[in-house]
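Working notes for the structure below.
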Amino acid sequence: MDKADYLASSGLAVALFCAFKLNQPLLLEGEPGVGKTEAAKVFARVLKTELIRLQCYEGIDLSEAVYEWNYPKQLLAIRVAEAEQHHIDDHDLFTEDFLIERPLLRALRHQGEMPSVLLVDEVDRSDDEFEAFLLELLGESTITIPELGTFRSDHPPVVILTSNRTRDLHDALKRRCIYHWITYPDVETTISILRRHIPEASTTLLSQSATAVNRIREISHLQKPPGMAETIDWVKALMLLGVDSIADSNPPVTWGSLVKYREDLEIVESVLRGTG
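Position 91, counted from 1, in the sequence shown is what this note's numbering calls 132; the numbers after and before it change by one each time, with no gaps.
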């Protein structure tokens, strides 16, 4: 992971290793912006395999997550059969020729030396019905399509689920997973991450920025604490303006890179004005 420019904690590294070797799904939880999605992306690069991502949302159903039928192609087949006066029935229309694979089915049927990495992103945004369907995939590595039967994988995907804890996931889903909570990085780790992304930044600027951001994150009533992506954007904005030290600059002009809510601006101002 380190060679892929992702500084994983020892706990996360062990969780990923166990998920891969034991063929168990991994559930990553944590605040938005701590690197849950990026961990899955980097792990796929480390394994040199395909990352297949399913972005969850309220109301997601099987047609978006698993499969759907190519209705225009089916209709065309019917018209061609009618024009040629050939008989066609449902059995002819519901075959793999007319099947559109969505992320879950595509991951299960992935061909290659290494299994794919299936990222089920923000699973907490889906509903109970979708969670129930996931149990079949996670528990048995199977997907059933009524018209075609059950698909099984000899090389099941490495499944990584992420959650921002907007709601509690069901115990049945959690029981099937290895669990890991990702925290915000400490000051030293934040500096290391920033240095990898912005090597031209001065040590002073990196240290001040990391210290300021970690102070901000400790404030409990922020609507949206800044994640690493916002922190990197903020330091890049400071660099663009020629800032080498926060103490000698006018930070407010760059706060839009760091915070995304008006209510957080006053809080950020009080913290950053004391940094230097």
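Here a beta-carbon is modelled for each residue, glycine too, at the ideal position from N, C-alpha and C.
Quick caveat: nothing in here was measured; it's all calculated off a predicted structure.
- Query: Considering only C-alpha positions, which residue in the set D102, M269 and L103 is nearest to R237?
  - Reply: Numbered from 1 along the sequence shown, position 196 holds the residue referred to as residue 237. Ranking the options by Cα distance to R237, first place goes to M269.
- Item | Given H132 as reference, the closest of L189, G297 and A173 once Cα atoms are compared | Working through the sequence shown from its first residue, we reach residue 132 at position 91. Checking every option, the nearest Cα to that of H132 belongs to L189.
- Item | Three-state secondary structure (DSSP) of S311 | Along the sequence shown, read from residue 1 onward, the residue named residue 311 stands at position 270. In the structure shown, S311 sits in a helix (DSSP, three-state: H, G or I).
- Query: Using DSSP with H/G/I as helix, E/B as strand and the rest coil, what is L88?
  - Reply: As a working mapping, residue 88 is identified with position 47 in the sequence shown. In this structure, L88 counts as helix in the three-state DSSP scheme.
- Buried or exposed: which applies to H221, given that a residue is buried once 16 or more other Cβ atoms fall within 10 Å of its Cβ? Here residue 221 is taken as the residue at index 180 of the sequence shown, counted from 1. Buried is the call here.
- Exposed unless 16 or more other CB atoms sit within 10 angstroms - verdict on P113: Position 72 of the sequence shown holds residue 113. By the neighbour-count rule (16 or more Cβ atoms within 10 Å), P113 is not buried but exposed.
- Message: Alpha carbons only, please: which of I273, F58 and T90 is nearest the one belonging to E154?
- Response: Here residue 154 corresponds to residue number 113 of the sequence shown, with the count starting at 1. The shortest Cα separation from E154 among I273, F58 and T90 belongs to T90.
- Which of helix, strand or coil does DSSP assign to D46? Translated into the one-based positions of the sequence shown, residue 46 becomes position 5. It is coil, neither helix nor strand.
- Message: So, under 8 angstroms CB-CB, D285 and L246 are touching, yes? Tell me the CB distance rounded to an integer number of Å.
- Response: Against the sequence shown, residue 285 aligns to sequence position 244. Against the sequence shown, residue 246 aligns to sequence position 205. Between L246 and D285 the Cβ distance is about 6 angstroms, and since that is below 8 angstroms, they are a contact.
- Please specify which runs of the alpha helix (DSSP H), each continuous and at least 4 residues long, are wholly inside the region 89-121, giving them in chain order. 103-106
- CB-CB length for A134 against I93, believed under 8 angstroms: Here residue 134 is taken as the residue at index 93 of the sequence shown, counted from 1. Here residue 93 is taken as the residue at index 52 of the sequence shown, counted from 1. According to the sequence shown, residue 134 is Leu rather than Ala. Actually they are not in contact, since the Cβ atoms of L134 and I93 sit about 27 angstroms apart, beyond 8 angstroms.
- Within the same chain, show all residues whose beta-carbon is closer than 7 angstroms to that of I232, passing over the 5 residues directly before and after it, in chain order. By one-based count along the sequence shown, residue 232 stands at place 191. Here the set comprises L247, S248 and A251.
- Closer than 6 angstroms by C-beta to V200: which residues in its own chain qualify, once you throw out the five before and the five after it? Chain order, please. Start at 1 with the first residue of the sequence shown, and residue 200 comes out as number 159. The residues are P66 and L159.
- Is the beta carbon of A56 less than 8 angstroms from the beta carbon of I287? Position 15 of the sequence shown, counted from the first residue, corresponds to residue 56. Position 246 of the sequence shown, counted from the first residue, corresponds to residue 287. In this structure, I287 does not lie closer than 8 angstroms to A56 by Cβ.
- Task: Assign I223 to one of three DSSP states: helix, strand, or coil.
- Result: Position 182 of the sequence shown, counted from the first residue, corresponds to residue 223. I223: coil per DSSP, three-state reduction.
- Best match in V276, T203, P156 and E229 for proximity to D62 [C-alpha to C-alpha]: Within the sequence shown, residue 62 is the residue found at index 21, counting from 1. Here residue 62 is Lys; the residue named in the question, Asp, does not match the sequence. Ranking V276, T203, P156 and E229 by Cα distance to K62 puts P156 first.
- Quick one: is K77 buried, meaning 16 or more other Cβ sit within 10 Å of its Cβ, or exposed? By 1-based counting over the sequence shown, the position of residue 77 is 36. It counts as buried.
- Message: Taking the alpha-carbon of E70 as reference, which of E99, E271, A213 and R206 has the nearest alpha-carbon?
- Response: On the sequence shown, residue 70 is found 29 positions in, with the first residue counted as 1. It is R206.
- Message: Restricting to runs no shorter than 4 residues, where is the alpha helix (DSSP H) found entirely within the region 141-206?
- Response: 144-149 and 169-181
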